[in-house]
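Worksheet: one structure, shown below.
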Amino acid sequence: IRYNGASGGIVTTILISLLKKGEIDGALVVRMSQKRPLEPEVFIARTEEELISAQQSKYLPVPMNLGLKEIIKDKNGKYAIVGLPCHFHGLRLVEKKNPNLKNKILLRIGLLCGFNPTLSSTKFLLRRAGVKNFEDVKEIKYRDGDWPCGFRAILKDGTDRFLYPIEQFLFSHYVFERHRCAMCLDHTCELADISVGDEWRAKLKKDAGGWSYLIVRTKIGKEIVEKFAKERLLYLEPIDSSVIYGGQYGSLNFKKKGSFAFAKIRRLFNKQVPDYLKNGKVKPKLAHYIGASLIYIMTTFFEIDFFNRLFLHVPTKIFTKYRWLVIRLFRN
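The numbering of the sequence shown is the numbering used here, which starts it at 1100 and goes up by one.
So this is what it looks like as structure tokens:
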């Protein structure tokens, strides 16, 4: 479970344990569709095998609300939900209007999220991996192999296309970011019971199984984590919050600073922005506006298929330099 996860295997371990103990009847998760390999499939996993099929990250838009219908219809079931910050922003609002739904959810597991790319990102990676016809794709895995993992595409004829390591596409954050994601302030899933994300410290990168950050936010989250730790289902090491910042500062800085600059740029083009960004107390610096402008321009152009193909053979090191340039612009 640990090796096949995106990092650490904590989410799957917790869900399987809750299911085996009868504390939940299922978990709302996502896997890639077998019928449509380039699309995500939201479903309620009710067996260990189904939970394992939902391991690893999915880097494309996922409509988690589709799975809520099944939970709402079940009058007596208990469930866990795995989602991104935006999913839980919506879920918490629904829970306020539907207390019965809130009572059915035992645990909300949030995933750290810098952004969720568009489908254009997946097509770009497939092309860089040498896939000419998307109809030939049988299966996609965004985080496969030794940690920190790589992008894998398995074709119907058995051909295995692999972009490794993840640095081959980390730059996509500032090339394929959806504009709504660039106006989200939440990187660590602040409304979840527990939040989980990649542990990026250099000294741990030699461990092929990977490690995860685990942030406990609520009473139920703490109870479950402590119980599983005592039962040795989870191995935990305490860390300071500065360690998490050290591994996630690029996304954290953009969320808390760059999003305000990005919103102001959108308003210049008469584009809609969330109300909470219209009168924010954060005053962006010139560097933030430059960084946000780069993201606005690049993400707009890369959604155009012509530009997507035009930059197909640009060396990864060029994209990586661009990524680090943007990250530095939001450091202060």
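Where is the CB? At the ideal position from N, CA and C, for every residue including glycine.
Do residue j and residue i have their beta-carbon atoms positioned less than 8 Å apart in this structure?
i: Ser-1116; j: Leu-1332; result: yes
i: Leu-1218; j: Leu-1159; result: yes
i: Arg-1277; j: Phe-1359; result: no
i: Lys-1356; j: Val-1372; result: no
i: Val-1181; j: Leu-1210; result: yes
i: Lys-1157; j: Pro-1139; result: yes
i: Pro-1216; j: Ser-1271; result: yes
i: Tyr-1241; j: Phe-1233; result: no
i: Gly-1244; j: Trp-1299; result: no
i: Phe-1275; j: Thr-1398; result: yes
i: Cys-1248; j: Pro-1184; result: no
i: Leu-1137; j: Ile-1253; result: no
i: Gly-1121; j: Leu-1206; result: no
i: Val-1295; j: Val-1141; result: no
Rounded C-beta distance between residue i and residue j? I'm assuming under 8 Å.
i: Ala-1281; j: Ile-1394; result: 6 Å
i: Ala-1179; j: Ile-1208; result: 6 Å
i: Lys-1354; j: Leu-1284; result: 5 Å
i: Arg-1089; j: Leu-1262; result: The first residue shown for the chain is 1100 and the last is 1431, placing residue 1089 beyond what the model contains.
i: Ile-1293; j: Tyr-1312; result: With a Cβ gap of about 10 Å, Ile-1293 and Tyr-1312 do not count as contacting.
i: Phe-1361; j: Ala-1391; result: 4 Å
i: Val-1425; j: Tyr-1273; result: 5 Å
Looking at the structure shown, is residue i part of a helix, part of a strand, or coil, going by DSSP?
i: Leu-1150; result: helix
i: Ser-1132; result: coil
i: Leu-1210; result: strand
i: Lys-1240; result: strand
i: Asp-1259; result: strand
i: Val-1425; result: helix
i: Val-1161; result: coil
i: Arg-1279; result: coil
i: Ile-1319; result: helix
i: Pro-1373; result: coil
i: Pro-1099; result: The chain is shown only over 1100 to 1431; residue 1099 falls outside these bounds and no answer can be derived.
i: Leu-1411; result: coil
i: Leu-1192; result: helix
i: Leu-1205; result: strand
i: Ala-1228; result: coil
i: Lys-1172; result: helix
i: Asn-1352; result: helix
i: Lys-1329; result: helix
i: Arg-1430; result: coil
Within 7 Å: the Cβ of residue i and any heavy atom of the ligand MG?
i: Gln-1154; result: By its list of ligands, the structure shown contains no ligand whatsoever, and the ligand MG lies outside what it can speak to.
For residue i, which residues does DSSP report across the bridge?
i: Leu-1290; result: In the DSSP output, where bridge partners are listed per residue, Leu-1290 has none listed.
i: Gly-1345; result: None; Gly-1345 has no bridge partner.
i: Gly-1125; result: Tyr-1178
i: Val-1274; result: Paired residues: none, contrary to the question.
i: Phe-1250; result: Leu-1262
i: Leu-1313; result: Val-1295
i: Pro-1216; result: Glu-1276
i: Pro-1139; result: Met-1131
i: Ala-1144; result: Ala-1126
Q: Could you tell me whether the region 1358-1367 touches the region 1334-1341, where touching means 3 or more Cβ pairs closer than 8 Å?
A: Result no; under three Cβ-Cβ pairs closer than 8 Å.
**Q.** Cβ contact (3+ pairs, closer than 8 Å) linking the region 1127-1137 and the region 1160-1175
**A.** Short answer: they touch.
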